[in-house]
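Quick note on the working numbering: the sequence shown kicks off at 115 and runs consecutively. Quick reminder that beta carbons are idealized off the backbone N, C-alpha and C, glycines included.
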Amino acid sequence: MAKSKLQYQCSDCGALAPKWAGQCADCGAWNSMSEALASVSSDAGKSRFSSYTGQAGAQIQDLGAVQPGQEVRVSVGVQELDRVLGGGLVAGSVVLIGGDPGIGKSTLLLQALASFPGNLKALYVTGEESPEQVSLRARRLEASADNMRLLAETSVERIIEHARIEMPKVMVIDSIQTLYTEALQSAPGSVGQVRESAAQLVRFAKQTGTA
Numbered sequence: 115m116a117k118s119k120l121q122y123q124c125s126d127c128g129a130l131a132p133k134w135a136g137q138c139a140d141c142g143a144w145n146s147m148s149e150a151l152a153s154v155s156s157d158a159g160k161s162r163f164s165s166y167t168g169q170a171g172a173q174i175q176d177l178g179a180v181q182p183g184q185e186v187r188v189s190v191g192v193q194e195l196d197r198v199l200g201g202g203l204v205a206g207s208v209v210l211i212g213g214d215p216g217i218g219k220s221t222l223l224l225q226a227l228a229s230f231p232g233n234l235k236a237l238y239v240t241g242e243e244s245p246e247q248v249s250l251r252a253r254r255l256e257a258s259a260d261n262m263r264l265l266a267e268t269s270v271e272r273i274i275e276h277a278r279i280e281m282p283k284v285m286v287i288d289s290i291q292t293l294y295t296e297a298l299q300s301a302p303g304s305v306g307q308v309r310e311s312a313a314q315l316v317r318f319a320k321q322t323g324t325a
């Protein structure tokens, strides 16, 4: 059974410390220590990241012996975004869309979800805007919402709990900066919160095939 304990990690060099300090003892950087989780397991070889790639207890094998499977890519309905993604989304993939505030990231992702095939369930998680604001944007874009589900939540644990029930083919988080994990006490948007929230979402994607 794995137990988590709190420690602090330097955002500059990655050094770990059991308690917070204003200066990193390894690299000397100031105000770079943020909360992180350490997993202590009583079972050898097990940790909270043991199924990070969806395959617990993976074995070393020859690269030449690995038979590549056929990747089924799903078009997002936006030609340029499809091109950037190499032809579309792959099951279990995680993509970070970055850009300056107001550049149109939310609009682009909402438009992409609305263009998905009607038989593929999509989940849009909003942490910055209310459901009413998302609905207004969708109406302005004349985006179809027949296959789209909406969740207003910022707790990554509760988001994953809902996602395990819905099991969407694709899920959008808007945005990672607003999420927090209940295992840490730092504010949403801090280095520790973003790192841990992203790790949990990546693990969920690899385990379930949700993109």
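Around the Cβ of Gly241, a 10 Å sphere holds 16 or more other Cβ atoms; the residue is buried. Here Gly306 is not near Ala205, since their CB atoms are 9 angstroms or more apart. If one requires a minimum length of 4 residues, the alpha helix (DSSP H) runs lying completely within the segment 224-265 are 245-254, in chain order. For Asp196, there is no enclosing beta strand (DSSP E); the enclosing alpha helix (DSSP H) covers residues 193-198.
Setting aside the 5 residues that flank it on each side, Trp144 is surrounded in the same chain by Gly136, Gln137, each with a C-beta closer than 7 angstroms to its C-beta; the list follows chain order.
From the listed residues Ile174, Ala226, Ile217, the smallest Cα separation to Leu199 is found for Ala226. One alpha carbon belongs to Ser125, the other to Ser148, and they sit about 7 angstroms apart.
A direct Cα-Cα distance of roughly 13 angstroms separates Ala266 from Tyr294.
In terms of Cβ geometry, Pro215 and Asn261 do not form a close pair [threshold 9 angstroms]. Nearest in C-alpha terms to Leu298, of all of Val286, Val270, Met281, Glu275, is Val270.
Counting only the Cα atoms, Val284 lies some 12 angstroms from Gly202. Closest in C-alpha terms to Ala325, from the list Gly128, Ala131, Tyr238, comes Tyr238. Cα atoms of Gln175 and Pro182: separation of roughly 14 angstroms, rounded to the nearest angstrom.
Judged by DSSP secondary structure, Val316 falls within the alpha helix (DSSP H) whose first and last residues are 305-322. Rounded to the nearest whole angstrom, the C-alpha separation of Glu310 and Gln321 is 17 angstroms. With fewer than 16 other beta carbons inside 10 angstroms of its own, Leu210 counts as exposed. Shortest Cα-Cα distance from Lys133 to any of Cys141, Gly142, Ala150 involves Ala150. When the Cα atoms are used, Arg317 and Arg254 turn out to be separated by approximately 34 angstroms.
Per DSSP, Ile174 lies in no alpha helix (DSSP H) and is assigned neither H nor E. Per the coordinates, the alpha-carbon of Lys119 lies some 21 angstroms from the alpha-carbon of Cys127.
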